[in-house]
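Asks: Residue numbers (this note's numbering): 218 to 728.
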């Protein structure tokens, strides 16, 4: 869209002021360092409209230059905003202009394409008004920048500057603290194996999805999510909900348009290696395109297909066929996959499984292997990936034309479970580079030591039992250590990487 392109341009090339470390709430009682773009100015001033609605002594003042359409200001915070526990902003605003509009946008300061915005119209003028911005549908990403634009696209009479005042920018929860999700680590551990269940969603209890597990992609994406798909994704309960112990992602036709849902664990849970099991029933209507897949967590940094992709469930026009495919970069999009046929894919729940190790990917349907691919360190399958589940419609990848009589259909999932090896490394004999580097480890006087026999350790990462990254540090030596007092008691996964590849060690911390 023209507005987004223009805004990104000015944010990138606008006038940059020195930014101090600020965090929410912002009350302007101390000076904040805002950057401006497209003919705006911003400063902290004494409150010229001191009253009972806003008795603050200082406020922020934005002046929008004469004839400017997109003028605004932004502030980069010292840390990311907490949208996991908060879903609304409130801002006090004063304007002498009737029906003033304020656009509030949040974005990632390192990648402005990661953003979310809401616009609210004032109902008052010549007095302070508290505006509320609903951010309950924001996709969960890292946002550390606030952008303010008054009357976007409006120049007024083209000859006068407009002055606006803001105060008390606050991020909060409309409904109070969010209730914690129920524990999902109830799935069966595979018999006769060393796997432990590190993450799962059993989708028990009707209602919304667990906010600790899932966030959403919304809208139509760029060029129909890159595939000219027909649907727009929402987080409406009409399109995605838990019902009768199942996850239901439902595509719906309304008039000449379609809605559906795409959920993901990005920034909430990712992992390297393990066994993923999914019990699912696929839709049967022509044109539906269900998928449950893994995507490289560094996609924002390196793009696709460099980040890697592993499709576990993917069904196109043949509704009796499931395809598992790996994608990576090798002078372009490289891919390899195979299909399996089963006449019950749309009528019954089947178990789809991926075994992912440092040297291979293996796909199973109902415990019968139908696809295997060897991997190596030129591919991206040695880093963290996150989960995605979605139901698309149409597109140009093989789902075919949408049935003209389509009204709705669903991808139903009974559970998703992720297991990792409990014996130390994930299949510790399988080292990416093929050498015989050995990592030994022990605890001494409250410190964990990890020692490499041959190659240096480049990085050490600590993950909790849910797979959440706690800390990642540079090492650049053959010995890495962790102070036990810096991590909680309990089970942790320690991931070490170097020229030897990646090794993952399970420790039980007690201090």
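All C-beta atoms in this analysis are idealised placements derived from N, C-alpha and C, irrespective of residue type, glycine included.
1) Quick one: is residue 445 buried, meaning 16 or more other Cβ sit within 10 Å of its Cβ, or exposed?
2) Have a look at residue 712 and residue 487 and give me their C-alpha separation to the nearest angstrom.
3) Can you tell me whether DSSP reads residue 296 as helix, strand or coil?
4) Can you list, in chain order, the residues of its chain whose CB lies under 6 Å from that of residue 544, leaving out five sequence neighbours each side?
5) Just the Cα atoms here: how many angstroms apart are residue 361 and residue 302?
6) Could you check where the alpha helix (DSSP H) with residue 518 kicks off and where it finishes?
7) Work out the CA separation of residue 672 and residue 717 for me, nearest whole Å.
8) The beta strand (DSSP E) with residue 508 in it runs from where to where?
9) Is the beta carbon of residue 432 sitting closer than 8 Å to the one on residue 481?
10) Do you know whose CA, among 330, 413 and 536, lies nearest residue 724's CA?
11) Helix, strand or coil for residue 573 per DSSP?
12) When you compare each of 304, 343 and 379 to residue 351 by their alpha carbons, which one comes out closest?
13) What's the call for residue 459, buried or exposed, on a 16-neighbour Cβ count within 10 Å?
14) Assuming contact is defined by CB atoms lying nearer than 8 Å, are residue 365 and residue 298 in contact in what I supplied?
15) By Cβ distance below 6 Å, which residues in the same chain neighbour residue 502 in space, the five residues on each side in sequence not counted?
16) How about residue 249 and residue 306: are their beta carbons less than 8 Å apart?
17) Give me, in chain order, the residues of the same chain whose beta-carbon lies closer than 6 Å to that of residue 370; leave out the 5 immediate sequence neighbours on both sides.
18) Give the straight-line distance between the Cα atoms of residue 342 and residue 247, rounded to the nearest whole angstrom.
19) Once the 5 residues before and after residue 455 are set aside, which same chain residues still bring their CB inside 8 Å of it?
20) Could you check which residue in 530, 535, 692 and 511 has the C-alpha nearest to that of residue 524?
21) Suppose the cutoff is 7 Å on Cβ atoms and the five residues either side in sequence are ignored; what does the same chain contact list for residue 436 look like?
22) Could you give the DSSP three-state label for residue 665: helix, strand or coil?
23) Does DSSP put residue 545 in a helix, in a strand, or in coil?
24) Can you tell me whether residue 702 is helix, strand or coil according to DSSP?
25) Nearest to residue 668 by CA position, among 675, 695 and 686, is which residue?
26) Can you tell me where the beta strand (DSSP E) holding residue 491 begins and where it ends?
27) So, at 6 Å on beta carbons, what are the nonlocal neighbours of residue 483 in its own chain, with the 5 sequence-adjacent residues on each side left out?
28) With distances taken between CB atoms, is the gap from residue 315 to residue 337 smaller than 8 Å?
29) Name the DSSP beta bridge partners of residue 567, please?
30) Within a Cβ cutoff of 6 Å, which residues of the same chain sit near residue 647, ignoring the five residues on either side of it in sequence?
31) Starting from residue 277, follow the beta strand (DSSP E) in both directions and report where the run begins and ends.
32) Can you give me the start and stop residues for the beta strand (DSSP E) that residue 485 sits inside?
33) Would you please state the rounded distance, in angstroms, between the beta carbons of residue 508 and residue 607? I believe it to be under 8 Å.
34) DSSP has residue 636 in a bridge; who is on the other side?
35) Is it the case that the CB of residue 515 approaches a heavy atom of the ligand SAH more closely than 7 Å?
Replies: Reading off the structure:
1) Working through the chain shown from its first residue, we reach residue 445 at position 228. Classification of residue 445: exposed, given that the 10 Å Cβ count is below 16.
2) The sequence position of residue 712 within the chain shown is 495, counting from 1. The sequence position of residue 487 within the chain shown is 270, counting from 1. Distance between residue 712 and residue 487, taken at the CA atoms: about 13 Å.
3) Along the chain shown, one-based indexing puts residue 296 at 79. DSSP places residue 296 in coil when its eight states are reduced to three.
4) Along the chain shown, read from residue 1 onward, the residue named residue 544 stands at position 327. Excluding sequence neighbours, residue 544 sits near 522, 526 and 552.
5) The residue given as residue 361 occupies position 144 in the chain shown. The residue given as residue 302 occupies position 85 in the chain shown. Cα to Cα, residue 361 sits roughly 15 Å from residue 302.
6) In the chain shown, the residue the question calls residue 518 occupies position 301. Its alpha helix (DSSP H) spans residues 516-519.
7) Against the chain shown, residue 717 aligns to sequence position 500. Against the chain shown, residue 672 aligns to sequence position 455. About 7 Å.
8) Against the chain shown, residue 508 aligns to sequence position 291. Boundaries of the beta strand (DSSP E) around residue 508: 505-513.
9) Position 215 of the chain shown, counting from 1, holds the residue named residue 432. Position 264 of the chain shown, counting from 1, holds the residue named residue 481. Their beta carbons are under 8 Å apart, which means residue 432 touches residue 481 by this criterion.
10) What you label residue 724 is simply residue 507 of the chain shown in a count that begins at 1. Of the candidates 330, 413 and 536, 413 places its Cα closest to the Cα of residue 724.
11) As a position in the chain shown, residue 573 is number 356, starting the count at 1. In the three-state reduction of the DSSP assignment, residue 573 falls in the strand class, which pools E and B.
12) Position 134 of the chain shown, counted from the first residue, corresponds to residue 351. Among 304, 343 and 379, the Cα nearest to that of residue 351 is on 304.
13) Here residue 459 refers to the residue found at position 242 of the chain shown. By the neighbour-count criterion, in which a residue is buried when 16 or more other Cβ atoms sit within 10 angstroms of its Cβ, residue 459 is buried.
14) Mapped onto the chain shown, residue 365 falls at position 148. Mapped onto the chain shown, residue 298 falls at position 81. No, they are not a contact pair.
15) Taking the chain shown and counting its residues from 1, one reaches residue 502 at position 285. For residue 502, where only same-chain residues beyond five positions count, the Cβ hits under 6 Å are 620, 623 and 626.
16) Locating residue 249 in the chain shown gives position 32, where the first residue counts as 1. Locating residue 306 in the chain shown gives position 89, where the first residue counts as 1. The beta carbons of residue 249 and residue 306 sit no closer together than 8 Å.
17) Here residue 370 refers to the residue found at position 153 of the chain shown. In the same chain as residue 370, and ignoring 5 residues on each side of it, the C-beta atoms closer than 6 Å to its own belong to 286, in chain order.
18) For this step, residue 342 is matched to residue 125 along the chain shown. For this step, residue 247 is matched to residue 30 along the chain shown. Going from the Cα of residue 342 to the Cα of residue 247 covers about 26 Å.
19) Walking along the chain shown from the start, residue 455 turns up at place 238. Excluding positions up to five away in sequence, the list reads 467, 469 and 476.
20) Here residue 524 is taken as the residue at index 307 of the chain shown, counted from 1. The shortest C-alpha separation from residue 524 is found at 511.
21) Start at 1 with the first residue of the chain shown, and residue 436 comes out as number 219. Answer for residue 436: 449 and 450, listed in chain order.
22) As a first step, residue 665 is located in the chain shown; it is residue number 448 there, counting from the start. Residue 665 carries a strand assignment under DSSP once its states are collapsed to helix, strand and coil.
23) The residue given as residue 545 occupies position 328 in the chain shown. DSSP places residue 545 in the strand class (E or B) of the three-state scheme.
24) Here the question's residue 702 lines up with position 485 in the chain shown. In the structure shown, the three-state DSSP call for residue 702 is helix.
25) By one-based count along the chain shown, residue 668 stands at place 451. Of the candidates 675, 695 and 686, the one whose C-alpha sits nearest the C-alpha of residue 668 is 695.
26) For the purposes of this step, residue 491 is taken as residue 274 along the chain shown, with counting starting at 1. Its beta strand (DSSP E) spans residues 491-498.
27) As a working mapping, residue 483 is identified with position 266 in the chain shown. Exclusion of the five residues before and after residue 483 leaves 603 as the residues of its chain whose Cβ lies within less than 6 Å of its Cβ.
28) In the chain shown, residue 315 corresponds to position 98, counting from 1. In the chain shown, residue 337 corresponds to position 120, counting from 1. No. Outside cutoff.
29) Reading the chain shown from its first residue, position 350 is the one you call residue 567. DSSP lists 497 as the bridge partner or partners of residue 567.
30) Here residue 647 corresponds to residue number 430 of the chain shown, with the count starting at 1. For residue 647, the predicted structure reports a pLDDT of 32, less than 50, and the residue's modelled location is therefore unreliable. A value from the coordinates is still provided. Within the same chain, residue 647 has close Cβ partners 574, 575 and 576.
31) Here residue 277 refers to the residue found at position 60 of the chain shown. 275-281 is the extent of the beta strand (DSSP E) around residue 277.
32) Locating residue 485 in the chain shown gives position 268, counting from the first residue. It is not in any beta strand (DSSP E) - residue 485 carries neither H nor E in the DSSP assignment.
33) What you label residue 508 is simply residue 291 of the chain shown in a count that begins at 1. What you label residue 607 is simply residue 390 of the chain shown in a count that begins at 1. Contact holds; Cβ gap of about 6 Å.
34) As a position in the chain shown, residue 636 is number 419, starting the count at 1. When DSSP reads this structure, residue 636 sits in a beta bridge with 414 and 492.
35) Only the bare structure without any ligand can be found here, which leaves the ligand SAH out of the picture.
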